[in-house]
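Each number in this note's numbering comes from the position in the sequence shown (counting from 1) with 1 added on. Glycine residues also receive a C-beta, built at the ideal position from the N, C-alpha and C atoms. Notes for the one structure printed next.
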Amino acid sequence: MSTETIEFQAEARQLLRLMIHSIYSNKDVFLRELISNASDALDKLRLAAYQDKDLGADTGDLHVELVADAGARTLTVRDNGIGMTRDEVVDLIGTIARSGTAELLTRLREAGDSEHAQELIGQFGVGFYSSFMVADRVELVTRRAGTTEGVHWSSDGEGSYTIEPAADAPQGTSVTLHLKASDAEDQMHDYADPGVLRRIVKTYSDFITWPVRLAGGEGDPETLNSMKALWARPQKDVSDEEYAEFYRHVAHDWQEPLETIRLAAEGTFEYQALLFLPKVAPMDLHMRDARRGVQLYVRRVFIMDDCEALVPEYLRFVKGVVDAADLSLNVSREILQQDRQISAIRRRLVRKVLSVVGGLRENEPEKYATFWEQCGRALKEGLLSDPDNRETILGVASFATTHGDEPTGLADYVARMPEGQDAVYYMTGDSRSAVESSPHMEAFRAKGYEVLVLTDPVDEVWVDAVEGFEGTPLRSIAKGQVDLQSDEEKEQAAARQEEFAELCTWMAEVLTEDVKEVRLSSRLTTSPAVLVGDEHDMTPTLEKMYRAMGQEPPKVKRILELNPSHPLVAGLRDARAAGRDESGTVELLHGMALLAEGGELTDPSRFVGLLASRLERAL
Ligand code: ADP
């Protein structure tokens, strides 16, 4: 096979253009990315050789090597790791398969050249393409361990690359950067200068567990990094900067972590963990195929990335490493799902993360607020999926409330409850304004009762699973009966019940297609009518969510509640008593209640016709 020229995938091309016109101010990070890839390749080879004795790979002296040539102005980053086949090079280097790419590019376009763009791209992880920040041309020679023929790849990053067979490629990958001339003058950033390389490796890659060597000069190559696994070093010996660099390595984030969490256990299940909470949620946090899980090591040997068995889905923003002492190096993902030791670690890890979040809420409100804004929505999924920790999650969660602009915790809500209030009240809906202007709010506002405003899609689902918080029941203001009345008011209401009984029965007949009951309300002060659901009925927002996902939920008939103090309702009663047919007005009343909650009329033109004729009569 001879040389082929292949176009980069469109998304890859756009990202490359950004790299070349470097929106990243800190170019040094390209080396961290390349060493990180090299280190991963060594991890993968060690594991593959362990699992397949016939691989025929050389694992004698696994390392990363930097070769700088000041005369030729090149820098080569070489590893003798797993390497890539031709198809892998085309797939992995020529395309970006990561979820969230399209969204990233849209957001980048919106952000323009601003600092925000840097942030976005950093969050996404720049990887191999960052080489083009410092090089006009990049060459990659690689041979997959266990195969005989290598591949030579070359590109200037401007749209296409060439690829051809390479007969004598050594096992592993070497990436040669033809450095931009413009960086040669800059002493701090001359990447052909050993001093600069030493500094960068020390800063960004010290913890890499493989030797990173600097070749050249006379004598032996020099190892630049200390290779100490951070999680195995005493906590006090690790600086914040080192943690931050390690975090960037495992999380593909550009920022420092919001919080660093360490835990360790000895005895039967010995393990160490080093975990991080992010400052900014990963780009794919709310996408269906979001990456989750931490890296799994067994006694310092890397086993896998994204080990789902260690972290529940609702904690998918947690990044880091778990190093377990007593697992087989041969474990598969399937086995891990059932492993007792892994589930024990997972339980402990979940409790620890939740307690750290709780600690932030207690002691570092600003950090907590950042965390909650970024990751709260994901965490709330645990209210449904992790019943064992439900109370704890409720305890560390925050919710928007009618009490003010700041979100509140449930303990604070309960502490504010006035005498006589015996439940935590909430309402779900599409938006804060929809909830606040809902007729359901009226009686609660009149009473001065605080209501939680739940507008995340996930809120629609967990509220049904959660009965209460520390003994105080959780209740929707839009469902079931509300009981806010004093004894005196109740007596009056009972008397009215009689007065309106006939009207309610008749209205229920008129509206039989749409409502299952018509009754008097104690939740209205100004609106004439409102629609409510039974305790376990699906809410209109949830119905909408099902439709948005392409499913048709079963039709739920609602309950129409009337405000007996409203002139319209009293008028209807009198008209009915006088034998006039006001079924059109009844339909209008129902339509108004639907509109008031942001719902849609089944037959808008019929509604408008009825309305026009009523108005005509009134003029
Ligand atoms: P990321 O490392 O974030 O996945 P990169 O663009 O840096 O993204 O790399 C894409 C993929 O190419 C890697 O996931 C890996 O599979 C492969 N790759 C990159 N560098 C090497 C290397 N030195 N050896 C083997 N595979 C590599």
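{"Asked": "Thinking C-beta only, is V557 closer than 8 angstroms to G572?", "Found": "no"}
{"Asked": "I'd like to confirm something about F129: is its beta-carbon nearer than 7 angstroms to some heavy atom of the ligand ADP, or not?", "Found": "yes"}
{"Asked": "Helix, strand or coil: which one does DSSP assign to M20?", "Found": "helix"}
{"Asked": "When you measure from the CB of A233 to every non-hydrogen atom of the ligand ADP, does any distance come out below 7 angstroms?", "Found": "no"}
{"Asked": "Taking the alpha-carbon of F129 as reference, which of L63, G72, A193 and R33 has the nearest alpha-carbon?", "Found": "R33"}
{"Asked": "Let me check understanding here. Comparing Cα to Cα, which of L411, S523, R199 and N226 lies closest to Y426?", "Found": "L411"}
{"Asked": "Using a Cβ-Cβ cutoff of less than 8 angstroms, which residues in the same chain neighbour L361 once the five nearest sequence positions on both sides are dropped?", "Found": "E260, K368, Y369 and F372"}
{"Asked": "Check for me: the alpha helix (DSSP H) holding G396 runs from which residue to which?", "Found": "R391 to V397"}
{"Asked": "Tell me whether S528 sits in a helix, a strand or coil according to DSSP, three-state version.", "Found": "coil"}
{"Asked": "Decide if H537 is buried, meaning its Cβ has at least 16 other Cβ atoms within 10 Å, or exposed.", "Found": "exposed"}
{"Asked": "According to DSSP, simplified to helix, strand and coil, what is R33?", "Found": "helix"}
{"Asked": "Please report how far the alpha carbon of K517 lies from the alpha carbon of A509, in whole angstroms.", "Found": "7 angstroms"}
{"Asked": "Identify the residues that DSSP records as bridge partners of L67: which are they?", "Found": "V78 and L215"}
{"Asked": "Please state whether the Cβ-Cβ distance between G396 and G359 is less than 8 angstroms.", "Found": "yes"}
{"Asked": "Hey, how far is the Cα of N564 from the Cα of R349?", "Found": "52 angstroms"}
{"Asked": "Can you look up A401 in the DSSP assignment and give me helix, strand or coil?", "Found": "strand"}
{"Asked": "Looking at E271 and the ligand ADP, is the gap between the Cβ and the nearest heavy atom below 7 angstroms?", "Found": "no"}
{"Asked": "Quick one: Cα of W154 to Cα of T163, how far?", "Found": "6 angstroms"}
{"Asked": "Ignoring anything shorter than 4 residues or poking outside the segment 323 to 410, list the alpha helix (DSSP H) runs there in chain order.", "Found": "334 to 339, 341 to 364, 366 to 381, 383 to 386 and 391 to 397"}
{"Asked": "Relative to the alpha-carbon of V213, which residue among Y205, E219 and V281 has its alpha-carbon at the smallest distance?", "Found": "Y205"}
{"Asked": "Is it true that the CB of R293 sits closer than 8 angstroms to the CB of E267?", "Found": "no"}
{"Asked": "Tell me the DSSP bridge mates of T261?", "Found": "F277"}
{"Asked": "Grouping DSSP H, G and I as helix and E and B as strand, with all else coil, what is T102?", "Found": "helix"}
{"Asked": "Taking the DSSP output, what are the residues bridged to P166?", "Found": "V152"}
{"Asked": "What is the DSSP secondary structure of K320, counted as helix, strand or coil?", "Found": "strand"}
{"Asked": "Pull up the distance between the alpha-carbon of T210 and that of I7, whole angstroms please.", "Found": "35 angstroms"}
{"Asked": "Starting from the Cα of V467, find the closest Cα among T506, D389, Q493 and A444 and give me that residue.", "Found": "D389"}
{"Asked": "Rounded to the nearest angstrom, how far is the Cβ of A39 from that of I83, given a contact under 8 angstroms?", "Found": "So it is not a contact: roughly 10 angstroms between Cβ atoms."}
{"Asked": "Excluding sequence positions up to five away, which residues of its chain have a Cβ less than 7 angstroms from the Cβ of L543?", "Found": "E461"}
{"Asked": "To the nearest angstrom, how far is the alpha carbon of S477 from that of D44?", "Found": "52 angstroms"}
{"Asked": "Report the CB separation of V322 from Q296 in whole angstroms; it is logged as a contact under 8 angstroms.", "Found": "5 angstroms"}
{"Asked": "Put D92 into one of helix, strand or coil per three-state DSSP.", "Found": "helix"}
{"Asked": "Does the contact criterion of 3 or more C-beta pairs under 8 angstroms hold for the segment 8 to 21 versus the segment 90 to 106?", "Found": "yes"}
{"Asked": "By a C-beta neighbour count over all protein chains shown, 10 Å radius and 16 as the cutoff for buried, is H591 buried or exposed?", "Found": "buried"}
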